[in-house]
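S.K.: One structure, as structure tokens, below. Some questions next.
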Ligand code: UD1
């Protein structure tokens, strides 16, 4: 049975909320573990279904995986010989499975990874992943719906320049280059904290990497890596979600475990709009001061890190929907990532989409209605919209939200929200 959230409007979120390891790092770190024979342990892992899917994918490669969601622990035992195939049914359920491509070809000389299908947030190519691995000496082609990469005699270092700083391509090339012969220089790479996390884990396994977190990474290949223990970097998108939740509901939230430096642009924008933003010994705090009636709307243009994260764009839309004044939200990373707008419009938001721009005109209050989540972030953003809507809002498609936010409604209730999970009785298959 599908589920939905019943969200009662008029909330002001106050209190503290924990943030654990980043989904977008955790899944890749599980792929990194494939690079070394032996037992690798990951801590601070989020309790989300995506980790289960990735664990299943590794098991089908012959790896033993123990996942304890309560303890936030994943232990990965990698045998000497592993498989090389990631099936379509798993890749379809979890696009991040593509991150086993680099490790598999580096470790076994062969990878068959299903090509992910379309995705609710616009088309996403794999050309940079493929050309990067080809530069390292792999032969890459597509056959029967699978991306097949082979390098029977191993990979060799190369100079690679990405046309665009793709997060996924940077990760795959980095994870392959650590076992390539000689030096690899990758230019125009993604600089996200998750890339630095992967590099840090690889270095603790014996890899030689320089420049992670800058636009140019230099890797000196080694023959072998050893297993390690690694703590996943805190989830900056979950932390940013709470920052926007505080600002949108005129609340006061301390994000425990949040790293303010990973959210430079969004937190600065909130501060400039009238919110109080401060670092605390345990994380950071976002509060709307009591004298401020409505914080001001602000312009957003999503960009690769350290720019405004595209994954926080739906929250900026919800914030602007009820903030004071008009603003422009521009999406530069993905096409068609404005599904949130049509749902916000159902709640009475005043917004117009024009290509990859949305013009927003803040209204005093939204008006509760049934809405539908289309992905993790839009779903969470619609829940926050429900908190500032008159009456109640039914947010369906809760399974999307569960993929990024462990027990979202429990965290919200601890901050004073009135939200319940219930069967989606109006859903017709
Ligand atoms: C990752 C995140 C996602 C986030 C995104 C951008 C994970 C699991 N997902 O996705 O939440 O929104 O970063 O911060 O970590 N592109 C190509 N060719 C390629 C690769 C990418 O054209 O070979 C394009 C895509 O179509 C897209 C853009 O580059 O328009 C960004 O993609 P990328 O940075 O690779 O994002 P992901 O790694 O897929």
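Residue numbers (the UniProt record's numbering): 1 to 429. Backbone N, C-alpha and C define an ideal beta-carbon position, used for all residues, glycine too. From a predicted model like this one, the values you see are computed outputs, not experimental measurements.
#1: Report yes if the C-beta of residue 402 is less than 8 Å from at least one heavy atom of the ligand UD1; otherwise report no.
#2: Which first and last residues belong to the alpha helix (DSSP H) in which residue 175 is found?
#3: Assuming residue 17 and residue 395 form a contact by the criterion Cβ under 8 Å, report the distance between their Cβ atoms to the nearest whole angstrom.
#4: Taking the alpha-carbon positions, what's the residue 103 to residue 132 distance?
#5: Is residue 371 closer than 9 Å to residue 393 when the C-beta atoms are compared?
#6: How many angstroms separate the CA atom of residue 65 from the CA atom of residue 38?
#7: Only counting the same chain, and skipping five residues up and downstream in sequence, which positions put a Cβ closer than 6 Å to that of residue 213?
#8: Kindly identify the DSSP beta-bridge partner or partners of residue 351.
#9: Kindly indicate which three-state DSSP category residue 273 falls into: helix, strand or coil?
#10: Under DSSP, the beta strand (DSSP E) around residue 66 begins and ends at which residues?
#11: Nearest to residue 416 by alpha carbon, out of 7, 310 and 2?
#12: Does the Cβ-Cβ distance between residue 249 and residue 12 come in under 9 Å?
#13: Given a cut-off of 9 Å on the beta-carbon distance, is the pair residue 221 and residue 169 in contact?
#14: Tell me which residues share the same chain as residue 139 and place their Cβ nearer than 6 Å to its Cβ, disregarding the 5 neighbours each side in the sequence.
#15: Between the Cα of residue 141 and those of 14, 115 and 320, spot the shortest distance and give me the residue it belongs to.
#16: Does the distance between the C-beta of residue 373 and the nearest non-hydrogen atom of the ligand UD1 fall short of 8 Å?
#17: Tell me which residues share the same chain as residue 30 and place their Cβ nearer than 6 Å to its Cβ, disregarding the 5 neighbours each side in the sequence.
#18: In this structure, does DSSP put residue 116 in helix, strand or coil?
#19: So residue 387 and residue 321 are in contact, right, with Cβ under 8 Å, and what is the actual spacing, rounded?
#20: How do the region 64-82 and the region 258-272 stand: do at least 3 beta-carbon pairs fall below 8 Å, yes or no?
#21: Considering only the alpha carbon of each residue, which of 57, 193 and 147 lies closest to residue 22?
#22: Less than 8 Å between the CB of residue 166 and some heavy atom of the ligand UD1, yes or no?
#23: Should residue 164 be labelled buried (16 or more other beta-carbon atoms within 10 Å of its own) or exposed?
#24: Opposite residue 217 in the DSSP bridges: which residues?
#25: Please classify residue 389: does DSSP put it in a helix, a strand, or coil?
#26: With which residues is residue 370 paired in a DSSP beta bridge?
#27: Return the residue from the list 235, 237, 159 and 198 that minimises the CA-CA distance to residue 218.
#28: Give the DSSP-derived three-state secondary structure of residue 18 in the structure shown.
#29: Would you kindly report the start and end of the unbroken beta strand (DSSP E) that includes residue 71?
#30: Within the present structure, is the beta-carbon of residue 333 separated from the nearest heavy atom of the ligand UD1 by less than 8 Å?
#31: Quick one: is residue 310 buried, meaning 16 or more other Cβ sit within 10 Å of its Cβ, or exposed?
#32: Determine the DSSP secondary structure at residue 419, reduced to helix, strand or coil.
#33: Would you call the region 74-92 and the region 54-63 in contact, with 3 or more CB pairs under 8 Å?
#34: Within the continuous alpha helix (DSSP H) that includes residue 197, where are the two ends?
#35: Using the beta-carbon count (16 or more within 10 Å), is residue 368 buried or exposed?
#36: Alpha carbon to alpha carbon, what distance is there between residue 110 and residue 185?
M.R.: For this structure:
#1: In the chain shown, counting from the first residue as 1, residue 402 sits at position 402. Checking every heavy atom of the ligand UD1 against the Cβ of residue 402, none is found closer than 8 Å.
#2: Taking the first residue of the chain shown as position 1, residue 175 is located at position 175. Element bounds for residue 175: 167-177.
#3: Within the chain shown, numbered from 1, the residue matching residue 17 stands at position 17. Within the chain shown, numbered from 1, the residue matching residue 395 stands at position 395. Incorrect: roughly 19 Å between the Cβ atoms, too far for contact.
#4: Stepping through the chain shown from its first residue, residue 103 is reached at position 103. Stepping through the chain shown from its first residue, residue 132 is reached at position 132. Approximately 13 Å between the Cα atoms of the pair.
#5: Start at 1 with the first residue of the chain shown, and residue 393 comes out as number 393. Start at 1 with the first residue of the chain shown, and residue 371 comes out as number 371. Yes, the Cβ-Cβ distance between residue 393 and residue 371 is below 9 Å.
#6: As a first step, residue 65 must be located in the chain shown, where it is residue number 65. As a first step, residue 38 must be located in the chain shown, where it is residue number 38. Our two residues, residue 65 and residue 38, have alpha carbons roughly 12 Å apart in a direct line.
#7: The residue labelled residue 213 in the question sits at position 213 within the chain shown. Closer than 6 Å at Cβ, skipping near neighbours: 191 and 196.
#8: The residue given as residue 351 occupies position 351 in the chain shown. Per DSSP, 360.
#9: As a working note, residue 273 is residue 273 in the chain shown. The answer is coil: DSSP assigns residue 273 none of H, G, I, E or B.
#10: Numbered from its first residue, the chain shown carries residue 66 at position 66. Where residue 66 is concerned, the enclosing beta strand (DSSP E) stretches over 64-68.
#11: Working through the chain shown from its first residue, we reach residue 416 at position 416. Residue 416 has its Cα closest to that of 7, out of 7, 310 and 2.
#12: By one-based count along the chain shown, residue 249 stands at place 249. By one-based count along the chain shown, residue 12 stands at place 12. Yes, Cβ-Cβ distance for residue 249 and residue 12 is below 9 Å.
#13: Reading the chain shown from its first residue, position 221 is the one you call residue 221. Reading the chain shown from its first residue, position 169 is the one you call residue 169. No; because the gap between Cβ atoms is not below 9 Å, this pair is not in contact.
#14: Along the chain shown, read from residue 1 onward, the residue named residue 139 stands at position 139. Excluding sequence neighbours, residue 139 sits near 150.
#15: By one-based count along the chain shown, residue 141 stands at place 141. Of the candidates 14, 115 and 320, the one whose C-alpha sits nearest the C-alpha of residue 141 is 115.
#16: For the purposes of this step, residue 373 is taken as the residue at position 373 of the chain shown. No, the ligand UD1 has no heavy atom inside 8 Å of this Cβ.
#17: Counted from its first residue, the chain shown places residue 30 at position 30. Same-chain partners within the cutoff: 54.
#18: By one-based count along the chain shown, residue 116 stands at place 116. In the structure shown, residue 116 sits in coil (DSSP, three-state: anything other than H, G, I, E or B).
#19: In the chain shown, counting from the first residue as 1, residue 387 sits at position 387. In the chain shown, counting from the first residue as 1, residue 321 sits at position 321. Contact doesn't hold; Cβ gap of about 12 Å is too wide.
#20: no
#21: The residue given as residue 22 occupies position 22 in the chain shown. Among 57, 193 and 147, the Cα nearest to that of residue 22 is on 193.
#22: In the chain shown, counting from the first residue as 1, residue 166 sits at position 166. Answer for residue 166: yes, Cβ within range of the ligand UD1.
#23: Looking up residue 164 in the chain shown gives position 164. Its Cβ having fewer than 16 others within 10 Å, residue 164 is exposed.
#24: Stepping through the chain shown from its first residue, residue 217 is reached at position 217. 186, per the DSSP bridge assignment.
#25: Residue 389 sits at position 389 when you count from the first residue of the chain shown. In the three-state scheme derived from DSSP, where H, G and I count as helix and E and B as strand, residue 389 is classed as strand.
#26: By one-based count along the chain shown, residue 370 stands at place 370. DSSP output for residue 370 lists 394 as bridge partner(s).
#27: Indexing the chain shown from 1 puts residue 218 at position 218. Considering only alpha carbons, the answer is 159.
#28: In the chain shown, the residue the question calls residue 18 occupies position 18. Note: residue 18 maps to strand in three-state DSSP.
#29: As a position in the chain shown, residue 71 is number 71, starting the count at 1. Neither: residue 71 is in no beta strand (DSSP E) and is coded neither H nor E.
#30: Within the chain shown, the letter at position 333 stands for residue 333. Yes, the Cβ of residue 333 comes within 8 Å of a heavy atom of the ligand UD1.
#31: Locating residue 310 in the chain shown gives position 310, counting from the first residue. Buried: at least 16 other Cβ atoms inside 10 Å.
#32: Taking the first residue of the chain shown as 1, we reach residue 419 at position 419. Correct three-state label for residue 419: strand.
#33: Put simply, the region 74-92 touches the region 54-63. At least three CB pairs are less than 8 Å apart.
#34: Stepping through the chain shown from its first residue, residue 197 is reached at position 197. Start and end: 193-204.
#35: As a working mapping, residue 368 is identified with position 368 in the chain shown. Flag for residue 368 reads buried.
#36: The residue given as residue 185 occupies position 185 in the chain shown. The residue given as residue 110 occupies position 110 in the chain shown. Distance between the alpha carbons of residue 185 and residue 110 is about 23 Å.
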